[in-house]
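Numbering (our numbering), first residue to last: 994 to 1090.
Heads up: the structure comes next, in structure tokens.
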Amino acid sequence: MASGYWVVNLEVTDPEVYKQYQAFVRPFLAANDGRFIVRGGQQSVVEGTVGPRVVVVEFPSYEHALRAYHSQEYQQGMQARLGASSANFAIVEGFDG
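See the structure below:
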């Protein structure tokens, strides 16, 4: 079964409020079998436009990634992120072949 991923391109606009989201999301991911694959770090944009921060989170499956995102717990916890950043957020299925 292919993994599922959250692929997020974001710009943090309020670092102090964003810390609230960071404090929420780490234990949330651990409890929902999610793990950071990419969390900021160096990047070189070689085509197109990409914001200053890229985050990729891996889940056991695409369905698992969808379920985690749409859970009531995440929908409540992500409110701090919405107020502290601008983001493009996609949930994608990995390649299993």
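C-beta atoms are modelled at their ideal positions from N, C-alpha and C, and glycine is treated no differently.
Touch check for the segment 1006–1024 and the segment 1080–1087: three-plus C-beta pairs under 8 Å?
no
Using CA coordinates, which residue listed in D1089, V1018, I1030, A1016 is at the minimum distance from Y1000?
Reading off the sequence, residue 1000 comes out as Val, not Tyr. The residue with the shortest Cα to Cα distance from V1000 is I1030.
In the structure shown, what three-state DSSP assignment does A1080 receive?
A1080 carries a strand assignment under DSSP once its states are collapsed to helix, strand and coil.
Among G1033, Y1067, Q1015, G1027, which residue has its Cα nearest to the Cα of V1043?
Out of G1033, Y1067, Q1015, G1027, G1033 has the C-alpha closest to the C-alpha of V1043.
Looking at V1061: is its Cβ nearer than 8 Å to the Cβ of N1025?
The sequence as given places Ala at residue 1061; Val does not occur at that position. It is a contact, given that the beta carbons lie within the stated cut-off.
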